[in-house]
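I have placed the structure first, in the form of structure tokens, so that the comments after it can refer back to it.
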Amino acid sequence: METINRDSGRRSGFHVAVVGCETHSRPAAEDYAQVLINKQFTDDIDIFLELMGSYFGTPTPKYVSGTEEEFYGAFKAWEKCKAPEIMFYFSNLAPSIRDIGPHQFKLVKDFKTTIASKGVYYFEYENELSLRLDLHPHISQAIKRS
């Protein structure tokens with residue numbers, strides 16, 4: 017993100033910041049943890065960017081995973097007011113043999129099909145470099161549209 021801020025951001029007058037549960041949530045009590053995370057995220061997000069590997073996530077009471085719950089929160093907002101912009105990237109990196117979970121892999125595969133059926137065009141990446149090369153122009157273009 018810093019590369020985007022130094023390059024496009026400086027010229028165009030914007031700043032990109034990563035907002036995630038690791039940096040923008042705090043301990044508290046709620047019906048379940050994902051509800052808390054959802055409430056603590058700002059509604060003022062211009063881009064919902066998700067990276068997914070071979071692990072779909074942990075189930076919540078309402079969704080197959082917290083990741084899916086976050087996606088549908090963003091997607092419902094997008095359906096209502098065409099924001100935030102949704103950018104989804106799936107990794108094609110081979111997981112470690114210890115991390116291969118056939119059930120999780122199937123959930124990821126099914127989720128790709130589901131979001132595609134909703135009109136979400138996603139990218140796949142083969143390695144970190146290809147992801148970085150795609151992200152920079154994609155984020156810059158998305159911000160210019162905002």
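Each residue of the sequence shown is one higher than the one before, counting from 17 in the numbering used here. Cβ atoms here follow ideal geometry from the backbone N, Cα and C, with glycine treated the same way. The model shown is predicted, which means the values in this text are computed figures rather than measured ones.
Where the beta strand (DSSP E) containing residue 116 begins and where it ends: No beta strand (DSSP E) contains residue 116, which DSSP labels as neither H nor E.
Straight-line gap, residue 33 to residue 137 (C-alpha atoms, nearest Å): 23 Å
Bridge partner(s) assigned by DSSP for residue 102: 64
Local Cβ density within 10 Å of residue 129, reported as buried at 16 or more and exposed below that: exposed
Assigned secondary structure, residue 87 (DSSP; H/G/I helix, E/B strand, else coil): helix
Residues near residue 139 in its chain [Cβ-Cβ closer than 7 Å; skip 5 each side]: 105 and 150
Residue 142 versus 109, 119, 90 and 96, residue with shortest Cα-Cα distance: 109
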